[in-house]
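Note sheet for the following structure.
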Amino acid sequence: MLRVTEDDVKRLLPFAKAIELVREAYVRLARGEAVNPLRVLLSVPGGASMFFMPGHVYGQGSVAVKVARVNAGNPKVALPTVLLTIYAYDASTGVQVAEVDGEWLTAVRTAASTAVATDILARKNVRVLGVFGTGMEATTHVPMLMLVRDFDRILVYSRDKARRELFAEKMSRDHGIAVVAADSPGRVARESDVIITATTSDIPVFEGSLVKAGSHVNAIGSATPEAREVDTALVKRSRVVVDSRAQALTTYGDIIEPIREGSIRELEILELGEIIIGRKRVVLRDGDPTLFKSGGLAVLDATITDHILRQLSLEK
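For any residue, its number in this note's numbering is found by taking its place in the sequence shown, counting from 1, and adding 2.
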């Protein structure tokens with residue numbers, strides 16, 4: 003069995019290629035040429051939880067299952083809060099063929115998904131990118147979104163002042179763009195044309211009423227029914243697009259709560275894949291923000307994993 007390391011993933015998955023692969027995965031899913039079952043959540047006594055996410059695109063050589071282990075107490079024993087592994091199986095025989103380190107792959111595929119959505123939903127003349135969060139997801143999102151829009155500057159906010167200042171310094175140095183550590187979440191919400199929320203917060207990280215007319219928001223950090231990164235005010239005034247309607251209606255608190263409150267109807271929610279293939283169209287009232295809510299699809303993991311395995315086979 004093949005062991006695929008994070009270094010392998012970094013070497014074989016350029017960001018531009020990740021965007022291409024993720025877009026194609028959305029197309030195949032929208033056309034009914036892929037399977038993406040709802041994730042299975044297993045809660046373990048003591049506060050830990052595990053997610054199981056299987057996915058497959060018809061015609062690809064492998065089937066993938068991602069297992070995510072989440073334990074808030076892990077840092078106390080020098081382990082990450084979230085541990086991610088992708089298991090790949092031969093699509094014909096069911097034999098396991100690979101075990102893939104999932105942290106970097108997940109961060110890149112999530113950022114690529116956001117880039118695909120931003121390229122479709124955001125205005126062309128955006129200038130300011132706002133980032134909530136300073137972890138790995140935020141780190142991959144900055145260069146990924148710079149591939150689809152030409153930003154003049156970036157604003158970043160997290161509750162930890164030292165971390166946001168270090169993040170701003172690193173992003174500016176690595177990507178040659180002005181990055182400012184904002185002193186409040188409100189400033190990021192008010193001044194940004196495109197916003198990313200990549201946090202572990204379970205409550206909204208800014209007031210939706212502050213978001214500029216015509217802005218685009220990507221909410222990608224929370225993916226449980228109880229957690230929210232954006233408030234009902236933003237959802238209510240936005241045109242809402244999700245990665246998967248079925249997953250959003252059962253898993254994403256950012257969507258579930260506004261529906262329960264009667265602020266938005268299920269029928270108003272569009273899927274990104276439907277828009278890409280032209281089955282649905284985003285109709286905006288003047289000044290409407292757009293909101294892309296994603297929690298991650300196994301079919302994206304499966305597509306990228308299959309690509310990496312094919313690249314490795316060519317190196318033999």
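Backbone N, C-alpha and C define an ideal beta-carbon position, used for all residues, glycine too.
- For T83, same chain residues with a beta-carbon under 8 Å away, outside a window of 5 residues either side, are V72, N73, A74, N76, P77, T202 in chain order.
- Closest in C-alpha terms to S296, from the list L311, E139, N220, A117, comes N220.
- The segment 14-30 makes contact with the segment 107-116: 3 or more CB pairs, one atom from each, lie closer than 8 Å.
- By the Cβ criterion, the segment 132-140 is in contact with the segment 189-203, since at least three pairs of Cβ atoms, one from each stretch, lie closer than 8 Å.
- When C-beta atoms of the segment 34-44 are compared with those of the segment 299-311, three or more pairs fall below 8 Å, so the two segments count as touching.
- With respect to the 8 Å criterion, L274 and D245 are classified as neighbours on the basis of their beta carbons.
- By the Cβ rule, the segment 44-59 does not count as touching the segment 179-198, because fewer than three pairs are nearer than 8 Å.
- Spatial neighbours of E276 in its own chain (CB-CB distance under 7 Å, excluding positions within 5 residues in sequence) are listed in chain order as A32, K282.
- When only Cα atoms are considered, L157 and D195 end up about 11 Å apart.
- Boundaries of the alpha helix (DSSP H) around F169: 163-177.
- A straight line joining the alpha-carbon of P47 with that of G289 spans about 47 Å.
- At the C-beta level, L4 and H309 stay beyond 8 Å of one another.
- The beta-bridge partner set that DSSP reports for G132 consists of L157, I197.
- Shown here, R241 sits in a strand according to DSSP, grouped into three states.
- The Cβ-Cβ distance between S64 and V42 does not fall below 8 Å.
- Exclusion of the five residues before and after S217 leaves D195, P291 as the residues of its chain whose Cβ lies within less than 6 Å of its Cβ.
- Across the set R129, K214, A50, H58, the C-alpha of H58 shows the shortest separation from the C-alpha of Y28.
- Within the segment 220-305, the complete beta strand (DSSP E) runs of at least 3 residues fall at 241-244, 292-295.
- Rounded to whole angstroms, F208 and E231 show a C-alpha spacing of 8 Å.
- For A235, the closest of A250, G223, I266 by C-alpha to C-alpha distance is I266.
- Looking at S45, V285, G264, the one whose alpha-carbon comes closest to that of L272 is V285.
- For the pair V213 and E101, the CB atoms are not nearer than the 8 Å cut-off.
- Cβ-Cβ separation between Y89 and V69: approximately 7 Å, consistent with a contact (criterion under 8 Å).
- Judged by DSSP secondary structure, T87 falls within the beta strand (DSSP E) whose first and last residues are 84-92.
- In the DSSP secondary-structure assignment, R71 is bridged to M52, L85.
- Listed in chain order, the non-local C-beta contacts of L44 below 6 Å within the same chain comprise M52, local neighbours out to five positions each way being set aside.
- Here the alpha carbons of I258 and L251 stand approximately 6 Å from one another.
- Here L293 really is in contact with V243; their C-beta atoms are around 7 Å apart, less than 8 Å.
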